[in-house]
Amino acid sequence: MSETVFAADPTRLLIAALVRASVGAAVVAMTMAAGIMASMPAVAGLSPLYLAAMVCAITGGATAFSHVNDSGFWLVSSLLEIDEKTTLKSWTMMETIIGFTGLICALIISIFA
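Throughout, the numbering used here is defined as the position within the sequence shown, counted from one, plus 121.
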């Protein structure tokens, strides 16, 4: 039971999302969140399926909240030739929806594991 509660905990998404919002780089957010979560003693006892749920939550959080600090934001803005305001409304919103979809996938995986 404690394994199920731990796997369904959205802490991984929140850690990755906060790092992503502050730093801007998705790779840094994923690496930092994975490093923080790997150092927790409870992670060692999790099954491979719960670890997959944890990876889904981390990558979801690292995808969310793309903004002007992110190189992908500027790539989309320049290639599609749209202004920053429109890029924030479209790209950032889409990336955030994708990130929270990753959390939903992690929750579904942890329920059926």
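The beta carbon of each residue, even a glycine, is placed where N, CA and C say it ideally should be.
Given a threshold of 16 other Cβ atoms within 10 Å of its Cβ, counted over all protein chains shown, does A159 qualify as buried or as exposed? exposed
Pick from W195, T207 and M151 that is closest to A178, judged by C-alpha positions: In terms of CA proximity to A178, M151 leads the group W195, T207 and M151.
Where does V164 fall in DSSP's three states?
Of the three classes helix, strand and coil, the one that applies to V164 here is helix, per DSSP.
Which same chain residues end up closer than 8 Å to K219 when comparing Cβ atoms and leaving out the 5 residues on each side of it in sequence?
Residue identity check: residue 219 is Ile in the sequence provided, not Lys. So the qualifying residues of the chain are G181, T184 and A185.
If you draw a straight line from the alpha carbon of D204 to that of P162, how long is it in whole angstroms? Between D204 and P162, the C-alpha separation is close to 46 Å.
- Going by the beta-carbon positions, is the gap between A234 and L170 smaller than 8 Å? yes
- request: Given a cut-off of 8 Å, decide if T208 and V197 are closer than it, judged by their beta-carbon atoms.
  value: T208 sits close to V197, with the two beta carbons spaced by under 8 Å.
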